[in-house]
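With positions in the sequence shown counted from 1, the corresponding number in the working numbering is that position plus 1236.
See below for the structure under consideration.
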Amino acid sequence: MSTPNPAGLTIRARLAQASAGLGSCRSRLANFVLPPVCLSCHKPLIGYDTLCATCWRNVEFIRPPVCDRLGTPLAHDIGVITISAAATADPPVYDRARAVAHFTGTARALIHALKYADRHDGRRLLGRWLSTAGAEILDDAHLLVPVPLHRLRLFTRRFNQAAILAQELARQRQMAWDPAVLIRVKRTAQQVGLTRDQRMRNVAAAFRVPERALARVETRNIVLVDDVITTGATVNACARALKSAGAARVDVLAIALATGDHVGERIS
Ligand SMILES: [Zn+2]
């Protein structure tokens, strides 16, 4: 809060000046120690947390119009909320999904770097992308929940990439996130190379809301956060568990949507 005391303002102004001076020192030091590079190809850049022009062009962003349930692109914008034929024929358990980009090019490279190369420096850019792509489902959401890993997988990988994304998005949007309201109780086989039916059987009953977390889920609008949506089997299984526990709405937000050729890739 501002204060009318002129002396106070002077002190605040001096503190602000000192802080700005320290900030610019810190920034010069950071530039010297870790000069900014493109998050994907590592080409030198003038700013942090971004991509070079070539890598930007290789992000296939998903833009409206999209199917309101699956988040898949639609050919024509008819100006109203539209549900695709695929969603009508086989409605998902979750309410709405949104993804930043197709699982190809730079988006795929950034996800692979996050998951398999311990490169977490892309999280601020990925968080900004999630915030934009998910604006309409985030506006009245109460809680962000990352798709959980089984504890043994967590032990070998040491981190959950979905939790890194959810935490960063929560920080940027000043929202609540909770990695403990949904747990993976069944250690499922890798989803890679499985058909859609096999994936659904693989993850059925794999997720549960623990008794102690029920109060945080009941009547809440939840946004599940994951890195890639493939067939939707995993997020559907998560949504089923959250809805069984009383969630009012479960939406899904991911960096990428894998369709066609990329569904069978190593993405679980
Ligand atoms: Zn680049």
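Beta carbons are placed, not taken as given, at the ideal position from N, Cα and C, and that holds for glycine.
Bear in mind that the values here come from a model prediction, so they are computed numbers and not experimental data.
For residue i: DSSP bridge partner residues
i: R1444; result: I1419
i: V1273; result: P1280
i: W1365; result: Paired residues: none, contrary to the question.
i: I1465; result: L1493
Beta-carbon proximity list for residue i, same chain, < 8 angstroms, skipping 5 on both sides
i: G1244; result: Interpretation of G1244 is limited by its pLDDT of 38, a score under 50 that renders its predicted location unreliable; the figure taken from the coordinates is listed afterwards. If we look at G1244 and ignore the five residues flanking it on each side, it has no Cβ neighbours.
Whole-number beta carbon distance between residue j and residue i, since they are thought to touch under 8 angstroms
i: I1347; j: I1465; result: In fact, because the Cβ distance is near 12 angstroms, the residues do not count as touching under 8 angstroms.
i: R1332; j: D1304; result: 6 angstroms
i: E1454; j: G1482; result: 4 angstroms
i: N1294; j: T1368; result: Incorrect: roughly 18 angstroms between the Cβ atoms, too far for contact.
Chain-order list of residues whose beta-carbon lies under 7 angstroms from that of residue i (same chain, five-residue window excluded)
i: N1472; result: P1328, V1329 and Y1330
i: H1356; result: L1350 and I1400
i: A1440; result: A1473
i: V1486; result: Y1330, D1331, I1458, L1460, A1475, L1478 and K1479
i: A1484; result: T1455, R1456 and N1457
Residue i Cβ short of 7 angstroms to ligand 1 heavy atom set
i: L1287; result: yes
i: T1290; result: yes
i: C1274; result: yes
i: K1422; result: no
i: C1277; result: yes
Cutoff 6 angstroms; reference residue i; Cβ partners in own chain excluding five residues on either side
i: D1285; result: R1360 and L1361
i: M1494; result: The sequence given here has Ala at residue 1494, not Met. The residues are F1339, V1464 and T1466.
i: R1250; result: Confidence at R1250 is low in this model, with a pLDDT of 48, below 50, so the placement of that residue should be treated as unreliable; the coordinate-derived value is given next. Contacts found: none.
i: A1406; result: L1380 and W1413
i: L1516; result: A query on residue 1516 cannot be resolved here, the shown segment of the chain reaching from 1237 to 1504 and no further.
i: P1272; result: L1281, G1283 and Y1284
i: E1512; result: Within the shown structure, residues of the chain are numbered from 1237 to 1504, placing residue 1512 beyond reach of any answer.
i: M1237; result: Its pLDDT being 36, under 50, M1237 is placed unreliably by the model, and the measurement read from it follows with that caveat. Closer than 6 angstroms at Cβ, skipping near neighbours: no residue.
i: V1421; result: R1444
i: A1252; result: Low confidence applies here, because A1252 scores a pLDDT of 46, under 50, leaving its location unreliable and the question unanswered by this model.
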